[in-house]
Every structure is written in structure tokens, then in C-alpha cells.
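Numbering of the sequence shown is given in the working numbering, commencing with residue -5 and proceeding in unit increments.
Quick reminder that beta carbons are idealized off the backbone N, C-alpha and C, glycines included.
Notes follow once the structure below has been shown.
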Amino acid sequence: MYTNKELEEIYDDRYSAKESAINQREVVLYRKLQKILLPDSFTRQSISNLDLGCGRGHNTDIRAFFTEGFGRVLAVDLSQNVIEHCKQFYKDKENIEFKAGDAMVIEERFNLITAFGFSLFNTSDNDLFLENVKGFESRNLIQGGKAITIIGSFTDFSGNGADSWYMHTKEDLSYIQSNLEANGSSVHIVFPHKIGTNYFGAGFYNFAAELIKLIVKKRRTFFIVIEHG
-5 MYTNKELEEI YDDRYSAKES AINQREVVLY RKLQKILLPD SFTRQSISNL DLGCGRGHNT
55 DIRAFFTEGF GRVLAVDLSQ NVIEHCKQFY KDKENIEFKA GDAMVIEERF NLITAFGFSL
115 FNTSDNDLFL ENVKGFESRN LIQGGKAITI IGSFTDFSGN GADSWYMHTK EDLSYIQSNL
175 EANGSSVHIV FPHKIGTNYF GAGFYNFAAE LIKLIVKKRR TFFIVIEHG
């Protein structure tokens, strides 16, 4: 497992280049994901969102569009570079606060936690994965009422890759799901490539890009949706 300092240096370097345009395909993608991953009954209430590892790029801080219509959003990343970029790039989004630092010391509570590609959940140690989930939920989820945690990543089911870039196996995901359900949560593992609406809404390019990811790269995007209350 990389240390926070090592990850900060990796992501500072990765996010050193500035992007000047929004990737419209990704905007459409994350708007669709909101509809796929969040129940209508949940989005009709006031949502406060903690976004872990907000990042920047073609599939990272475009997630700002996942939060459209939400109340308060706190987006956290270890990289000071990416946070400064986000503050400038999304300065018109008054409901989003971007903060640089360790997400594990955030003490505020929210009714939605999102972690898309967050390093602490890309680990081969399934028990550590569960410990991290429970830690964020106990510190940061509003207790009582409806609350949701969404963890997203991608995998080729090989079990390869170093921690922070681990490719979960089907057995990993099954183990994680069964243990979370044992705590009384409702848990769904969602693969957008199995949902027809995932392929449309951004023109033919979205369809082609999804097929390239599935057939050439042999990767599957997945989301673990944990519902409480």
C-alpha cells in the first residue's frame, strides 16, 4: 500500500498538466450514473455529498456533474495541484467545496459518500477494504434516515495490480458484498456495461468507447452501492 505522501506525489505529477475543456462525453456519463446508481426517492431529498479522491481529468472531477442538483458537496483529494485546478475550473459551482488533504480526518457528516477510483478501496486486502468502508461510514455518514455509500472502480477480474491500483476478482466482490450485507445494509454491485442506457446519450462515440473498454482493454467498470436506513 502506498503511503499518503507517495500518493500525493503520484497524483500531483499526474495532475500537473492543466485541462482547458470539459469532456462532454464524461459529463453525460456521470449524469447517467446518477440516475443509474441513486434511487429517485433519494435524489428528491436534500443531499449532502462527501466525494473521496475527487481528482481531475476525463473520468475524475467531471464527477462534479454527478452532483448537479445536490445541496452541499465536499470534494477531497490528497493532491494540492488538483484541488487548485478544481477551485478554478468549477468556481461557478457554489455548492461544491474543494479541499486538499487526508480524507480520513474529515469529521463532518453527509447522507452520501462517493469514492470513484479512491486509492484506499483499490486494495487486495478485502478485510482492510471493509474496515475502510466502515470507518468512513461511522465518521462521515449521517446516522438515521436514508444514507448511501457508492464505491466505484474498474477491474479485469485478474486480481493483479499493486495496492491502490488493484484489479478485484469476482470472489473479492462477492466477499465484500456478503460481509456488508451481514451488517444489515442493502448492497448492490452495479456493472454499467450490463445496462442498455449506458451506451447511449453521448452519440455513437460513447457506444464505441464502451466496446473498446470491454473488448480490447477487457475492463469492467463497477460500483458498490451500499444503502442504509
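Could you tell me which of the options sits nearest to residue i, measuring between CA atoms?
i, options, result
"S152", "I145, M161 and G146", "M161"
"S179", "G111, I218, G155 and A202", "I218"
"R214", "Y193, F201, F185 and A109", "F185"
"D119", "S158, F83, Y193 and L174", "S158"
"E20", "R38, F201 and E221", "F201"
"F83", "F104, A109, L106 and F59", "F59"
"I107", "E78, S172 and I41", "I41"
"I144", "M98, Y193, N105 and K87", "N105"
"I30", "N192, Q18 and H79", "N192"
Please check the pair residue i and residue j, which I expect to be a contact at CB under 8 Å, by giving their CB distance rounded to whole angstroms.
i, j, result
"L46", "V70", "6 Å"
"K81", "F92", "5 Å"
"F148", "F216", "7 Å"
Can you give me the start and stop residues for the alpha helix (DSSP H) that residue i sits inside?
i, result
"G22", "In the sequence as presented, Gly is not what sits at residue 22; that position holds Val. Looking at the DSSP string, the run of the alpha helix (DSSP H) that includes V22 is Q18 to L31."
"V127", "N120 to N134"
"F36", "D34 to T37"
"H79", "Q74 to F83"
"E235", "The first residue shown for the chain is -5 and the last is 223, placing residue 235 beyond what the model contains."
Could you give the distance in angstroms between the alpha-carbon of residue i and the alpha-carbon of residue j?
i, j, result
"K211", "G111", "17 Å"
"H52", "L208", "Note that H52 scores 39 on pLDDT, short of 50, meaning its location in the model is unreliable; the coordinates nonetheless yield the value given after this. Cα to Cα, the separation comes out at about 18 Å."
"T61", "H187", "22 Å"
"D34", "Q28", "10 Å"
"K85", "L23", "22 Å"
"E96", "G146", "Checking the sequence, you will find Asp at residue 96 rather than Glu. Straight-line Cα distance between these residues: approximately 19 Å."
"N43", "R57", "12 Å"
"T54", "C48", "The pLDDT assigned to T54 is 47, lower than 50, so where the model puts this residue is not dependable; a value taken from the coordinates is nonetheless given after this. Each residue's Cα considered, the two are about 6 Å apart."
"N89", "N116", "28 Å"
"I100", "E204", "35 Å"
"E102", "R66", "12 Å"
"Q39", "R25", "17 Å"
"L174", "V127", "9 Å"
"A141", "G190", "27 Å"
"N177", "I220", "11 Å"
"G223", "M98", "23 Å"
"A109", "I183", "14 Å"
"G155", "I206", "21 Å"
"F36", "V181", "15 Å"
"L114", "I170", "14 Å"
"S132", "S172", "19 Å"
At what residues does the beta strand (DSSP E) containing residue i begin and finish?
i, result
"K87", "First-last for K87: undefined, no H or E at that position."
"T149", "A141 to T149"
"A69", "V67 to D71"
"F217", "R214 to H222"
"N43", "N43 to L46"
Taking 8 Å as the cut-off, does the region 110 to 128 touch the region 162 to 182 (at least 3 CB pairs, one atom from each stretch)? yes
Three Cβ pairs or more, each shorter than 8 Å: is that satisfied between the region 132 to 150 and the region 71 to 91? no
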